[in-house]
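Read the structure below first, then the notes.
There are 2 protein chains.
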Amino acid sequence: MPRATKIEPERGGARTRLLEAARDIIRQKGFSGTTVDDLCKAAGVTKGAYFHHFSSKEALGVAAAEFWADTTSALFAQAPYHKPEDPLDRVLAYIDFRKAIIEGDPAEFTCLVGTMTQETFQSFPAIRDACATSILDHAATLEPDIAAAMKLHGTTASDWTAQSLARHTQAVLQGAFILAKATNDPAVARESVDHLKRYIQLLLA
Amino acid sequence: MPRATKIEPERGGARTRLLEAARDIIRQKGFSGTTVDDLCKAAGVTKGAYFHHFSSKEALGVAAAEFWADTTSALFAQAPYHKPEDPLDRVLAYIDFRKAIIEGDPAEFTCLVGTMTQETFQSFPAIRDACATSILDHAATLEPDIAAAMKLHGTTASDWTAQSLARHTQAVLQGAFILAKATNDPAVARESVDHLKRYIQLLLA
DNA sequence: ACGTACATACCAACCGTATGGTATGTACGC
DNA sequence: GCGTACATACCATACGGTTGGTATGTACGT
């Protein structure tokens, strides 16, 4: 899709660079707090290039959410937590994996679509929907392992489902990110993830 | 503090009306997405009145977080969940209370300071700190009941504390709000709160 | 093989408006 | 008459978005 040329080797990558800039800057300042000029400056492109690729700022928000969904799902698909044979171990390994990447600057480990959801859910439904798809699709990848663990360990659940537990894991992570941002301390978020892991062990083991 | 007059009976309440407007509009559009004119219009005051009470938009953000902390802590202090004699029942009643108020429009039941934290934690440290205080102080009100429940039920916790569990409840609620906004469905949030309640029961009963 | 037609990717400069913020004045209570 | 609580009018800038253009690549008929 990119198109390199002789005199301008970067040519063709403006769209991707804008999406990467959006991922980084929106996580720092939020969607409304991020200006088109911010993005152009960070990506090293002009506003003409920006509006060539995105018809509006809202369109970039949607594309950024989709870009996030694509890149993160690729990351999780190749992560090592799928290896254990016991499905419960896979779920717990997923939790460990999520915990392990909570470190450093909150702007770098927190979730783009969770952040965008908060401020766009009323004003920009298209962005909200793209964010919802990203979150729910990721949660859905956990359902088979949870369901298999329930079956294997003879868990009888009358008042909850694999789907609701999968979504709950995402709620805990999103909430943990908020605490980490508020306190500027990843450790607070990791403690919540510990509670989540303990819950799943109590529930399924 | 308010000062009524003959020709302008609303006079004196501009600051409070601005803070109420901030509480409502920032929850809909976020802090950056909310303009000073939005607030003045909703509060029915002029920009002169606005800058008489708040030296900047950031100052209003801080005041709005403090206003939120004050009004919500008053609400929770007089809520009925403190009545049970068993401290575990009080904690569970708190969860039930939080679940019960999750209904209707997400903009009305979600948390102002959780929303503001997300977009201000880098750009406006003063706002972030006010948000953190609001969240952590509220979490701290749960600690005595959790600690008492641990003692009463002989819970032996080597790897977690009453404080971390109290904060975890707030993480779950904040995360549940994000899912509710993304899906535009309070039910998703309530299911996460159910998981939280189940966790506390497994842990402390 | 080559010219034409078209599409893609980008740039520089500009525009109308909305934004946060200010300067100045006035009504009112004490 | 003095401080507080506002109102009116205004400003410099930043904002999202537009315009018109150029360079590069591709499809295709001949």
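Residue numbers (the numbering used here), protein chains in the order written: chain A, 1 to 205; chain B, 206 to 410.
Every residue, glycine too, gets a C-beta built ideally from N, C-alpha and C.
All of these numbers come straight from a predicted model, not from anything done at the bench.
Looking at the unbroken alpha helix (DSSP H) that takes in residue i, where does it start and where does it end?
i	result
residue 67 of chain A	57-77
residue 347 of chain B	Note, residue 347 of chain B: premise wrong, no alpha helix (DSSP H); not H, not E.
residue 115 of chain A	112-120
residue 398 of chain B	391-409
residue 151 of chain B	Because chain B in this structure spans residues 206 to 410, residue 151 of chain B falls outside the shown range and cannot be described.
residue 387 of chain B	367-388
residue 221 of chain B	219-234
residue 362 of chain B	Per DSSP, residue 362 of chain B belongs to no alpha helix (DSSP H) and is neither H nor E.
residue 306 of chain B	Per DSSP, residue 306 of chain B belongs to no alpha helix (DSSP H) and is neither H nor E.
residue 242 of chain B	241-248
residue 153 of chain A	Counting along the chain, residue 153 of chain A falls outside any alpha helix (DSSP H), and DSSP gives it neither H nor E.
residue 288 of chain B	It is not in any alpha helix (DSSP H) - residue 288 of chain B carries neither H nor E in the DSSP assignment.
Using CA atoms only, rank isn't needed, just tell me which of the options is closest to residue i.
i	options	result
residue 167 of chain A	A:57, A:132, A:13, A:62	A:132
residue 269 of chain B	B:370, B:366, B:339, B:306	B:339
residue 397 of chain B	A:55, A:87, A:50, A:165	A:165
residue 250 of chain B	B:233, B:226, B:230	B:226
residue 149 of chain A	A:104, A:93, A:172	A:93
residue 105 of chain A	A:89, A:28, A:113, A:79	A:28
residue 184 of chain A	A:55, A:107, A:113	A:107
residue 102 of chain A	A:205, A:203, A:181	A:181
residue 152 of chain A	A:86, A:41, A:189	A:86
residue 406 of chain B	B:395, B:293, B:260	B:293
residue 262 of chain B	B:276, B:281, B:287, B:331	B:331
residue 230 of chain B	B:409, B:320, B:304	B:320
residue 277 of chain B	B:364, B:346, B:410	B:346
Report the CB separation of residue i from residue j in whole angstroms; it is logged as a contact under 8 Å.
i	j	result
residue 109 of chain A	residue 61 of chain A	Not confirmed; about 21 Å, so no contact.
residue 14 of chain A	residue 49 of chain A	5 Å
residue 195 of chain A	residue 404 of chain B	7 Å
residue 362 of chain B	residue 348 of chain B	With 8 Å as the limit, residue 362 of chain B and residue 348 of chain B do not qualify as a contact, their Cβ atoms being about 13 Å apart.
residue 248 of chain B	residue 223 of chain B	5 Å
residue 67 of chain A	residue 23 of chain A	7 Å
residue 33 of chain A	residue 328 of chain B	6 Å
residue 176 of chain A	residue 384 of chain B	About 14 Å; that fails the 8 Å criterion.
Should residue i go down as buried or exposed, given a rule of 16 or more other Cβ atoms within 10 Å for buried?
i	result
residue 350 of chain B	buried
residue 197 of chain A	buried
residue 240 of chain B	exposed
residue 210 of chain B	Bear in mind that the predicted position of residue 210 of chain B carries a pLDDT of just 41, short of 50, making it too unreliable to give a figure here.
residue 2 of chain A	Any answer about residue 2 of chain A is weak, because its pLDDT of 34 lies below 50 and its placement is not dependable; what the coordinates show is given next. Residue 2 of chain A is exposed by the Cβ-count criterion.
residue 10 of chain A	Because the pLDDT of residue 10 of chain A is 48, which lies under 50, any placement of that residue in the model is unreliable, and the question is left without a value.
residue 47 of chain A	exposed
residue 188 of chain A	buried
residue 99 of chain A	buried
Closer than 7 Å: is that where the CB of residue i sits relative to any heavy atom of the ligand SAH?
i	result
residue 140 of chain A	For the ligand SAH, the structure offers nothing, since it holds no ligand at all.
### Message
What are the residues in the stretch 305-321 of chain B lying within 7 Å of chain A by C-beta distance?
### Response
Against chain A - using a Cβ distance shorter than 7 Å - the residues of the stretch 305-321 of chain B are 311, 312, 319, 320.
### Query
Taking a cut of 8 Å between CB atoms, which residues from the stretch 70-92 of chain A lie near chain B?
Of all residues in the stretch 70-92 of chain A, none has a Cβ within less than 8 Å of some Cβ in chain B.
#### Entry: Where the stretch 331-358 of chain B meets chain A: residues whose CB sits under 7 Å from a CB there
Listed by position, the residues of the stretch 331-358 of chain B near chain A (Cβ gap below 7 Å) are 333, 336, 337, 340.
### Members of the stretch 255-275 of chain B near chain A, C-beta cut-off 9 Å
Taking 9 Å as the Cβ-Cβ cut-off against chain A, none of the residues of the stretch 255-275 of chain B qualify.
#### Entry: Interfacial residues, the stretch 215-249 of chain B to chain A, with Cβ spacing under 8 Å
Those residues of the stretch 215-249 of chain B that come within reach of chain A (Cβ to Cβ, closer than 8 Å) are 233, 234, 235, 236, 237, 238.
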